[in-house]
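Undergrad: Protein chains in written order, with the numbering used here: chain P, 468 to 690; chain S, 94 to 332; chain V, 693 to 1282; chain F, 696 to 955.
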Amino acid sequence: MRWWLPDAGSTFAGPIDALFLAILIITGIALVVVEVGLVTFVIKYRARPGRKAFYTHGSTRAEVIWTAIPAVTMVALGLISNHYWVLIKDKKSIPPNAYHLGIHAKQFEWQVTYPGPDEKLGTSDDFTVRNQLHVIVNQPTAVDLTAEDVIHSFFVPEWRLKQDAVPGMHIMAWFQPTKTGEYEIGCAELCGMGHYRMRARVFVHTPEDYKAWIAQQAAGGSE
Amino acid sequence: MQTQTMTDAMRPPFPAETGAGVYSNKLGMWVFLASDVMFFTALIGSYIVLRFGMSSPWAQPGAVLNVPLTGLNTFLLICSSVSMVKAYAAIADGKKYFLRKVPGKTLQDGGLKFWMLITIICGAGFVGVQMVEYIKLVGHGFTPAGFREGSLLAEHALADPVKYGAGAAGMYGSTFFTMTGFHGFHVTCGVISMLYLYFTKVLPEKYSAQDYRGIEVIGLYWHFVDLVWIILFTIVYLI
Amino acid sequence: MTAVAHKSTSSHHEPMSFWRKYIFSTDHKIIGIQFLFVSLFFLLIGGLLAMQIRWQLGFPNTPMPGGKILPETMTNNGVILPEYYIQLVTMHGTFMVFFAIMPLLVGVYANFLIPLKLGGHDMAFPRINMWSFWLAVLAGLIMLSGFFMPDGAPRAGWTMYAPLSARPDLSGATISQKLWSISIVVLGLSSVMGSVNYITTVINHRAPGMTWFRMPLSVWALFITAILAVLALPVLQGAAILLLFDQTIGTHFFDPGAGGQALLWQHLFWFFGHPEVYILILPAMGMVSDIIANGSRKPIFGYHSMVFAIIGIAFLGWIVWGHHMFMSGMNPTLGSTFMVSTLLIAVPSAIKVFNWLGTMWRGNLRFHVPMLNALGFVSMFTIGGLSGIFMAATPVDIPLHDTQFIVAHLHYVLFGGSLFALFAAIPYWYPKMFGRMMSERIGKVHFVLTFIFYNMTFFPMHIIGMGGQMRRIYDPTIYDFLKPQQPLNVFISYSAFALFAVQFLFAFNFLWSLKFGKKAPMNPWEDNGLEWSLPNPAPHGNWAPNTPNVYRGPYEFSSPEAGDKDYLPQTLKLPTDRDPVPVPLPAGGH
Amino acid sequence: MKVRIFSVVGGMLLLTACSKGNQSSGAPAAAAPPAAAPAAPAANSAAGGTITGKIKFTGTAPRNKAIDMSEEATCKAKYKTPPTEETVVSGPANALANVFVYVKAGVPAGQKFTAPTTAVVLDQNGCRYHPHVLGIMVGQPLEILNTDPLLHNIKAVAKSNRPFNVSQPSAGMKTTRTFTAPEVMVNLECNVHSWMHAYAGVRPDPFFAVSKDDGSFTISGLPPGTYTIEAWHEKFGTQTATVTIAGTESKTQNFTFAAR
């Protein structure tokens, strides 16, 4: 039983989890303030014979305070978040040395296109493997997301990575795995009756293993 | 919906806070028009997004659509707007009659009955012409799905893809028929409401210089529909 | 004019046939009650669908009790099929949003309260009002009929994302997808008619002395809501029509193959959809404000800032729709802008929450059932609002988007918010509707149990959402990273069943009190509102032919002027008060 | 190459052995009869003529595409040798299996045949359809069975018939469908496993058969007359021949496809 976000598997996990924690603390404080206030008032000011409520229409000071505090917090939060948002989603932040893959989503499978030994997409030695994403650890990787029929969403929880694949669009998403091992890809956008079954495996290899795998695939292993 | 608004036209406003300073039917119509604006915004907005998000060019103006005929139709609709104003002016001066001789004038002076009739005829005429246009377009092979296989237009498009916007034909048809169709629907609703008013209120001379709210309210709607058409005509036919 | 006026108003009192009085009634109160029954029915349907969803998520691949009675296109000897599961999530969302919560808040209370609280005889356009109700019923029936189509109900989620919704060969539902679009167009028409009515009535049909800033917050909220509806629903209608044309006459709006754009649907839908979210919460906030002021026997704290908060939320509601599309491939720069505007909504929301607390502060709290549920609303809405901040911060949204976390969030706002507000509002105005009180004892039991099971149901969803469980998946157990948290899913399911069972207490209380509830006194809650100056239930035509005079705001509780009483009705004329001058509306076309 | 194909067939037979409960419909070899068998009794009782034949192909059959089943452990486990698709299943001496042979024309138009009530079974086992090609009469029940403990959805891509798309998330699920109009062929596919394909020949009469592994087929119960026989193969296309039947004689009609 897990009570927290999945284990960190990519460079995004650090900032995102930290931000998550920060928001959890901020909202936690707000929640405690409100709920405790509510409960105390409920007990303290419950109706008793002879009591009469204090007649007031409010106080501008109070209004200003509880307008300003949230406003400031939110703007600050917005600025911090935006920094990481740009880092993760903006096309310009894709590292130049990124290794490029193509992922084509269709009902209900993920088709991953690999550049083959020449490490270039769109060449004759490209090959496509179904429902298997093989990547290199600590290697920035950029995927070109496309969709065949309907909208799908490419989701790897451990990488804190989610990006819709939209028919008629080429969407770039990048990530940098930090741990070798096996993960799962899920589809996070309802895409039909097989939506829940649109599952694929992610294999994060050491560079050597990856080379070996590519070679074996290129040698017609996929046949 | 229109007819409903109209049937409430005679319900009197009872004492209330100053509010908007206009009687409820007019206010209600304004609010409804605001929502109708949003409706057409959705359609026109989608049209702009789709047209300019498209890689292949749209058909050139007049290549597929019959601009002169529609121009004539536009003129017809504008005339109906003018006659609507005349009708409004007429009843504001209490002229309930159809035509009346005015000493010293060659032309007879038109009253509410006359100008409303003109408006209805122009409106109906507009719808009629639009139907004819649709029939002809579909005949040539222009459908909401694009150019029909093996139709006249499909051949033209093969011969001159740029002029006929072969690549964008599907979207062209989709947007054209949806937008003009819904405008036509609005005009039809207006004409029906006006006919209803004509027989229930205008002919029985229910309107007077003191109370002619029904005319003003339908007038608002009518001018709005006219305005929308001017926009549609510009962006769909001319650009 | 006035002559006509008296004729028509007096006509209110002529005895009418049952048919005219209760079925095709033009009386705003009857229409409100009609809406109440119809939307409670749809609420029940939505609940039943939810139970089936919970069964599947808790106990995948085990035959559902009574599942065998469903046709083999939905279940296979009792086991829910994936295609049926998708229908369930789709229709649960659709019914709850469009046919339960929205009509319950707007259809029922805008109709019932606006004229009563403003001192009007009826809506500005009673006939249009009637039409708006019957169109809503028609829309509901069209939507419901989807289940009886050969290939079942719509299957593209309540958000109907194209192209899935536009392509029957991909969704697997041919007829019912079209029915969805048609139903939404009809519903949109109904809502627009209704809202035109509410807006006009609020502006023009206020009793003398009922100035803008003497209007109760419930009316303010309903007024702003109506403005949102009148501007938002046409957009949805437009979108639904484009979708319908794609499905029927072969247009290509959402078909990327022919230059259409899949994202266009999302932009149109959420441009409507986010104001819709506030359509679903603002009236709740308004009514809760009234009830909390009444329960605390204190004027609402910061009335004006409450009003401006409502307006602020409504305004911001128009510029945040993109936060539903952070992962959709929309330009990230747009994402940043939408994030900021979204986070700013926290401000007016916070203002409201703190003002409710301020209202309770040094009050003299009476814990009648409406007050209890209103307090439930405040505490639950707070959680819902705060959990929204996680998704508003775009980077944090990445792992949470389209997971159970968002499901938890929206249920904290829609159930913990809107529905608790309704559990407060229904018993509060019940006497005004039916002349009897709902049972306080049952009401209190219902509140406590609902509050407990509600939190047991929806709070754990945050956790499985953090764990990464996607929305609308039929069987989480096939994923290695979701298997470990399955026990929590089972727990949620059991709590959900309990929560559903508890609601029958409410249903019983509601129906039983219709006949056996204790007769309501003139002003059961000792409230200041205009409506309580009328007998229970209020007669057709309300105060007609005359109109009440309003001398003060709606929240003058415990005012020193009130003497020994702790409330001061808006219509009560004190020696110090002067009569407001009625301003007759301009006649004719000028 | 041959060896490979043999091994495939071997694998399938073996697969029949290990798949519990439905031996009868385990492998295509065994599955062909249930498809054709119900046809015989349905034919008009007067035992008419019979057409038998063998189907061969010339040239070398293309290599069937291998299926990477690693994602479906339970399916993979059912195979000793790596499973392949069943585009071309050939027996000894270039015998061609999975060819749908039917009477295309010649059956009197007015003549009506009652569809047998016995269902044709389409089994999803080891993430493949068994049989791969089947014949069925209009109105005859098609029982779709899932032997795999995982989701299959069966999407029927049809023109004259109403397309359907059913899913079976767990083992042992049965769904029955019938076809309303003759159609050669209705394609059946699974969107979860894109390699899964099956073909159903829907006929108004019982005069059809699917060639076995040895390439043989038998159409019986034919009333006297002249018939156009068509043989359909998913990869090699179609071939037609004309056969005249007098009385209860038995004619032989072989087909030879060119591999491509």
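Every residue gets a Cβ at the ideal spot worked out from N, C-alpha and C, and that includes glycine.
Residue 658 of chain P and residue 622 of chain P - do their beta-carbons sit closer together than 8 Å?
TA: Contact flag unset, no.
Undergrad: List, in order along the chain, the chain F residues whose C-beta lies closer than 7 Å to that of residue 598 of chain P?
TA: Under the 7 Å cutoff, chain F gives 766.
Undergrad: Which term fits residue 746 of chain V, buried or exposed, when burial requires 16 or more other beta carbons within 10 angstroms of its beta carbon?
TA: Its Cβ being crowded by 16 or more others within 10 Å, residue 746 of chain V is buried.
Undergrad: Does any residue of chain F have a CB that is nearer than 8 Å to the CB of residue 574 of chain P?
TA: For residue 574 of chain P, the answer is yes, since a Cβ of chain F falls inside 8 Å of its Cβ.
Undergrad: Which residues, taken in chain order from the region 1094-1119 of chain V, show a beta carbon closer than 8 Å to some beta carbon of chain S?
TA: Within the region 1094-1119 of chain V, no residue qualifies.
Undergrad: Give the DSSP-derived three-state secondary structure of residue 771 of chain F in the structure shown.
TA: Three-state result, residue 771 of chain F: helix.
Undergrad: Compute the minimum distance between the beta carbon of residue 817 of chain F and the heavy atoms of the ligand MG, and state whether it is under 7 Å.
TA: The ligand MG is absent from the structure shown, which contains no ligands of any kind.
Undergrad: Compare the C-alpha of residue 672 of chain P against each of P:473, P:643 and P:577 and name the closest.
TA: Ranking the options by Cα distance to residue 672 of chain P, first place goes to P:643.
Undergrad: Cutting at 6 Å between CB atoms, please list the residues of its own chain near residue 1068 of chain V, excluding the five before and the five after it.
TA: Within the same chain, residue 1068 of chain V has close Cβ partners 1112 and 1143.
Undergrad: In this structure, does DSSP put residue 630 of chain P in helix, strand or coil?
TA: Strand, per DSSP.
Undergrad: Ignoring anything shorter than 3 residues, give me the beta strand (DSSP E) runs that lie fully in the region 775-825 of chain V, in order along the chain.
TA: Segments of the beta strand (DSSP E) lying fully in the region 775-825 of chain V: there are none.
Undergrad: DSSP three-state label for residue 856 of chain F, please.
TA: Coil.
Undergrad: Which residues share a DSSP beta bridge with residue 952 of chain F?
TA: Answer by DSSP bridge pairing, in chain order: F:752.
Undergrad: Enumerate in chain order the residues of its own chain whose CB-to-CB distance from residue 246 of chain S is below 7 Å, with the five nearest sequence positions on each side excluded.
TA: The answer, listed in chain order, is 157, 233, 234, 235, 240 and 257.
Undergrad: For the putative contact between residue 767 of chain F and residue 883 of chain F, defined by C-beta atoms under 8 Å, what is the C-beta separation to the nearest angstrom?
TA: 18 Å between Cβ atoms; not a contact.
Undergrad: Quick one: measure Cβ to Cβ for residue 726 of chain V and residue 817 of chain V, integer angstroms, because I've assumed they're closer than 8 Å.
TA: Contact doesn't hold; Cβ gap of about 17 Å is too wide.
Undergrad: Considering only their Cβ atoms, is the gap separating residue 563 of chain P from residue 685 of chain P smaller than 8 Å?
TA: No, the pair does not count as a contact, with Cβ atoms beyond the cut-off.
Undergrad: Which same chain residues end up closer than 7 Å to residue 922 of chain V when comparing Cβ atoms and leaving out the 5 residues on each side of it in sequence?
TA: These residues qualify, in order along the chain: 884, 887, 888 and 891.
Undergrad: Residues of chain V with CB under 9 Å from residue 835 of chain F, in chain order?
TA: Those within 9 Å of residue 835 of chain F in chain V number zero; the least Cβ separation is about 18 Å.
Undergrad: So if I threshold CB-CB distances at 9 Å, which residues from the region 630-663 of chain P count as touching chain F?
TA: The residues in question are 659, 660, 661 and 663.
Undergrad: Does the contact criterion of 3 or more C-beta pairs under 8 Å hold for the region 195-202 of chain S versus the region 219-226 of chain S?
TA: No, the region 195-202 of chain S is not in contact with the region 219-226 of chain S.
Undergrad: Going straight from the alpha carbon of residue 229 of chain S to that of residue 266 of chain S, what length do you get?
TA: Computed Cα separation, rounded: 14 Å.
Undergrad: Would you kindly work out how many angstroms separate the C-alpha atoms of residue 854 of chain V and residue 305 of chain S, rounded to a whole number?
TA: Answer to the nearest angstrom: the Cα atoms are 47 Å apart.
Undergrad: Please confirm if residue 129 of chain S has its CB atom under 8 Å from at least one CB of chain V.
TA: Cβ-Cβ to chain V under 8 Å: yes for residue 129 of chain S.
Undergrad: Along the beta strand (DSSP E) that carries residue 861 of chain V, what are the first and last residues, could you check?
TA: Segment 860-863 is the alpha helix (DSSP H) holding residue 861 of chain V; no beta strand (DSSP E) there.
Undergrad: Using alpha carbons as the reference points, say which of V:1005, V:1121, V:1200 and V:934 lies closest to residue 967 of chain V.
TA: Of the listed residues, the one whose Cα sits closest to residue 967 of chain V is V:1005.
Undergrad: Within the 8 Å Cβ cut-off, does residue 235 of chain S reach chain V?
TA: No, no contact with chain V.
Undergrad: Classify residue 577 of chain P as helix, strand or coil using the three-state DSSP reduction.
TA: Residue state, collapsed to three classes: strand.
Undergrad: Taking 8 Å as the CB-CB cut-off, is residue 945 of chain F touching chain V?
TA: Taking Cβ atoms only, chain V never reaches closer than 8 Å to residue 945 of chain F, which makes this a no.
Undergrad: At the level of alpha carbons, what is the spacing between residue 739 of chain F and residue 807 of chain F?
TA: Because residue 739 of chain F carries a pLDDT of 46, less than 50, the predicted location of this residue cannot be relied on, and no value is offered for it.
Undergrad: Given that a residue counts as buried once 16 or more other Cβ atoms are within 10 Å of its Cβ, and exposed if not, what is residue 624 of chain P?
TA: Its Cβ being crowded by 16 or more others within 10 Å, residue 624 of chain P is buried.
Undergrad: Tell me which same chain residues have a C-beta within less than 7 Å of the C-beta of residue 764 of chain V, skipping the five on either side of it?
TA: Hits under 7 Å: none found.
Undergrad: Of the residues that make up the region 792-813 of chain V, which ones have a beta carbon closer than 9 Å to any beta carbon in chain P?
TA: Going along the region 792-813 of chain V in chain order, one finds no residue with a Cβ nearer than 9 Å to chain P.
Undergrad: Under 8 Å between beta-carbons, which chain V residues line up against residue 817 of chain F? List them in chain order, please.
TA: Under the 8 Å cutoff, chain V gives no residues; its nearest Cβ is about 15 Å from residue 817 of chain F.
Undergrad: If you measure from the beta carbon of residue 743 of chain F to each beta carbon in chain V, is any gap under 8 Å?
TA: Residue 743 of chain F does not count as touching chain V.
Undergrad: Taking Cβ to Cβ, would you say residue 1247 of chain V is nearer than 8 Å to residue 1265 of chain V?
TA: Against a cut-off of 8 Å, the Cβ pair of residue 1265 of chain V and residue 1247 of chain V comes out as no contact.
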